[in-house]
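Residue numbers (the working numbering), protein chains in the order written: chain A, 1 to 370; chain B, 1001 to 1288. Glycine residues also receive a C-beta, built at the ideal position from the N, C-alpha and C atoms. Below is one structure; the comments refer to it alone.
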Amino acid sequence: MAEIALRGITHRYDGEGDAALNNIDLVWENGGAYALLGPSGCGKTTMLNLISGLLTPTQGIVAFDGVDVSGLPPTERNIAQVFQFPVLYESMTVEQNLRFPLRNRGMSKPDAQRRAEEICDLLELSELRRRRSKGLSADAKQLVSLGRALVRTDVAAILFDEPLTVIDPQKKWGLRQALKRVHQELGHTLVYVTHDQTEALTFADEVVVMNAGEVVQKASPDVLFERPAHRFVGTFIGSPGMNFLPASRDGSIVSVADIDLLDVGDAAIPDGDSELVAGIRPEFVTVHPASAPGRLPATVKRRQDLGTIYQLELSVSGERVIAKVAERPALAGSECFVEFDPGHLMLFHGDRAVDGVTPRHRGAGGAAPR
Amino acid sequence: MSAQLKPRDNRGWLFVLPVVCTIAFTAIVPLLMVVNFSVQDIFGINRVWVGAEWFIDVLQDRSIRDSFWRNIAFSVQVLAVQIPLGILLGLGMPKKGVMASVSLVLMALPLLIPHNVVGTIWQIFGRGDIGLGGHVLNETLGITYNYAQDGLDAWLTVLVMDTWHWAPLVALLVYAGLQSIPDDYYKAAAIDGARRFAVFRYIELPRLQAVLTIALLLRFMDSFMIYTEPFVLTGGGPGTTTNFLSISLSKIAVGQFDLGRGAAFSLLYFFLIQVFCFVFFQLMKRRQ
């Protein structure tokens, strides 16, 4: 087990042209359970392959516990990796599959067998132990692939590249729990790549959000939800994502649609007020029939019943705002007033969040349940 | 109910008729003629019913039996040489870039050459007086080599020639099979610390099984019916050393115009091939 550090990593697949990863500095701490989250093609898999040694970075250093391993092949890095689609040695039985990585590294056969049996028990594969792996179902196959990663005791980290894509939704939850259990028992560093935010948020202690070859934010699931550091995080995390409204500034007071909402105080704001944007999650928008200080006039465009809550599409001075409300709201077409929970209203300049902003109003609504 | 779902329409027969006629004309009627010949002794217009005598005669014929074992030995050697060689070539061919195309074209080149031309090329190439191969072996390396006089030389020449002609087919099939293995398998093997031979043994070989079965079948059938190359090279000689079944058959049926014997021989040959096909088919089915 080790701390894995990426220093100044840039990777280009063809040696020049667009970078798949752009100047990444990141540390995976020993024993952490991390999720690597981002849309398809943002460089997640590239990053995993750089860590495991399947790729060598164009620039920068990969270090395990401070030792530069950038030039080492995967065999010498002690990394386990699970791929999106099950990879099995089809001519072998399930337990032969599990023994394979151990035997390749010179573990004695009885030891390897004991270890394989332990992992079979852990993943509930014991009944299939002597079956040839070729005829297994898709999720049993992926379990065996997971098992081949978990079976190794000496690994610096286990990397998962969207491993549950082929698994039935009902079984996904159980598998994620199994992975968490394994993590608690063995204490490996786990890095879990996914583009599914629920998967990332339920699995990980800390989530690294990537977009277009860059790390946008590395934080706990709560912080990603409450305090996105980048507009991309606001949009990508949450369902639906954060609402954004153009804002303007007069002195230290920031207003949206001529209603004063925020006080930036002496926070450092870069030049160019036209790039100021206010952000609020749909969960923190409340709808009221009457006007009050800090409320913005709005029109209800559409109402959607999501079962336990309603999702409203509103128009606030021409901008589209989504609200999630618990009580039965006004009908489509009606006029109303919206209030943004002051504790959760954020200010962005360009794409980046502005820190040290205080709300102008206390607000009466309070936060709606998430 | 089923009659309603599947209406009888006898017009279907009309569409099959041309094929039935063609096959009857080119295959069924000639085959029945052969059966007809095989049970008679024919001298011009005089025909004598002989029953199974020709068959017994052919089965007891020493030289035909020798030819049969020669065929088996040849096919076994062809498979033992060409399948491993084809696998090695397929593994060695570059997977990407210009060199991949170049090697594909070079590999396919021998496959485009007709059998008798292959025979002629090697017949000249192996000659001691005007052939480069024969000259180098005899004069430069000092190995006495003469396919026209030495049986082993003739045998090896046919084997080498056949390998030159057909090992590329195995290589191309293997190459195609290798292309279909997802990259993740190789990555997983690298992560699992597998050495090169383990990658071949546990990833490549299992995934090449289907392709190799086809290669085995094709190469067996082709080598078992070998005719043209030894015919062009030595006409089955020297002596009877390259006298394969098909050469014996054509000597009897076309050379000596011994229709009864030839017919019985060819029917047995035909039956033999059917048996091999059946065995192969059963093996393939069991694999799947």
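Does the Cβ of E339 of chain A have 16 or more other Cβ atoms within 10 Å, making it buried, or fewer, making it exposed? buried
Sort A:L314, A:L128, A:I61, A:Y192 by Cα distance to K301 of chain A and report the nearest one. A:L314
List the residues of chain B whose Cβ lies closer than 8 Å to the Cβ of Q81 of chain A, in chain order. K1187, A1188, I1191
Consult DSSP for E16 of chain A and reduce its assignment to one of helix, strand or coil. coil
Check whether the Cβ of F284 of chain A lies closer than 7 Å to any heavy atom of the ligand GTP, and answer yes or no. What this structure holds is no ligand at all, so the ligand GTP is not there to describe.
Is the beta carbon of T45 of chain A closer than 8 Å to that of H11 of chain A? no
Below 8 Å between beta carbons is the criterion; list the residues of the stretch 72-102 of chain A that meet it against any residue of chain B, in chain order. P73, P74, T75, I79, A80, Q81, F83, Q84, F85, V87, Y89, E90, S91, M92, F100, P101
For the alpha helix (DSSP H) holding E319 of chain A, just list the boundary residues, first then last. Segment 319-325 is the beta strand (DSSP E) holding E319 of chain A; no alpha helix (DSSP H) there.
Could you name the residues of chain A that A1290 of chain B contacts, counting a contact when the two beta carbons are closer than 7 Å? An answer regarding residue 1290 of chain B cannot be provided, because it is not within the stretch 1001 to 1288 covered by chain B.
On the three-state DSSP scale, how would you describe M210 of chain A? strand
Give the C-beta separation of I1143 of chain B and L1137 of chain B to the nearest angstrom, bearing in mind that I take them to be a contact with Cβ-Cβ under 8 Å. 5 Å
Nonlocal neighbours in the same chain, by C-beta distance under 7 Å from P369 of chain A, ignoring five residues either side: Per-residue confidence for P369 of chain A stands at a pLDDT of 39, beneath the threshold of 50, marking its modelled position as unreliable; no derived number is given.
Going by the CB atoms, is the gap between I1083 of chain B and A1289 of chain B shorter than 8 Å? Look at the range of chain B in this structure, 1001 to 1288, and you will see that residue 1289 of chain B is not part of it.
Beta carbon proximity, A1198 of chain B to chain A, threshold 8 Å: yes
Hey, would you say G1086 of chain B sits closer than 8 Å to V1034 of chain B, going by beta carbons? no
From the DSSP output, read off the bridge partner residues of H1165 of chain B. According to DSSP, H1165 of chain B bridges with nothing at all.
Could you check whether the stretch 140-154 of chain A touches the stretch 87-99 of chain A, counting it as contact only if at least three pairs of C-beta atoms, one from each stretch, sit closer than 8 Å? yes
Starting from A52 of chain A, find everything on chain B with Cβ-Cβ shorter than 7 Å and list it in chain order. In the sequence as displayed, the identity of residue 52 of chain A is Ser instead of Ala. Correct list: I1191.
May I ask you to report which of helix, strand or coil DSSP gives C336 of chain A? strand
Does DSSP classify S70 of chain A as helix, strand or coil? coil
Where K1096 of chain B falls: helix, strand or coil (DSSP): coil
Determine, using beta carbons only, whether F64 of chain A and I158 of chain A come nearer to each other than 8 Å. no
In chain B, what lies closer than 8 Å to R12 of chain A by C-beta? Here the premise fails: no neighbours, minimum Cβ distance about 18 Å.
List the whole-angstrom C-beta distance separating G294 of chain A from R360 of chain A, where the pair is believed to meet the contact cut-off of C-beta under 8 Å. 7 Å
Just to confirm the assignment, what range does the beta strand (DSSP E) spanning L26 of chain A have? 21-28
Contact between the stretch 96-108 of chain A and the stretch 47-56 of chain A (3+ Cβ pairs under 8 Å): no
With 16 as the cutoff for other CB atoms within 10 Å, does F1278 of chain B come out buried or exposed? exposed
What are the residues that DSSP puts in a beta bridge with L276 of chain A? A:H349
If I measure Cβ to Cβ from A1264 of chain B and keep anything under 6 Å in the same chain, skipping five residues before and after, which residues do I get? S1038, W1054, F1055, V1058
Might you give, ordered along the chain, the residues of its own chain that have their beta carbon closer than 7 Å to the beta carbon of Y1269 of chain B, omitting 5 neighbours on each side? L1245, L1249
Contact check, V277 of chain A vs F244 of chain A, beta carbons under 8 Å: yes
Between which two residues does the beta strand (DSSP E) containing Q59 of chain A stretch? 59-64
Could you tell me which residues DSSP puts in a beta bridge with I259 of chain A? A:V256
DSSP beta-bridge partners of T198 of chain A: Per DSSP, none; premise fails for T198 of chain A.
Give the interface partners of I1087 of chain B over in chain A, defined as CB-CB distance under 8 Å, in chain order. Going along chain A, no residue has its Cβ under 8 Å from I1087 of chain B, so there is no contact; the nearest lies around 16 Å.
For F1025 of chain B, count neighbouring Cβ atoms within 10 angstroms of its own Cβ and tell me buried if that reaches 16, exposed if not. exposed
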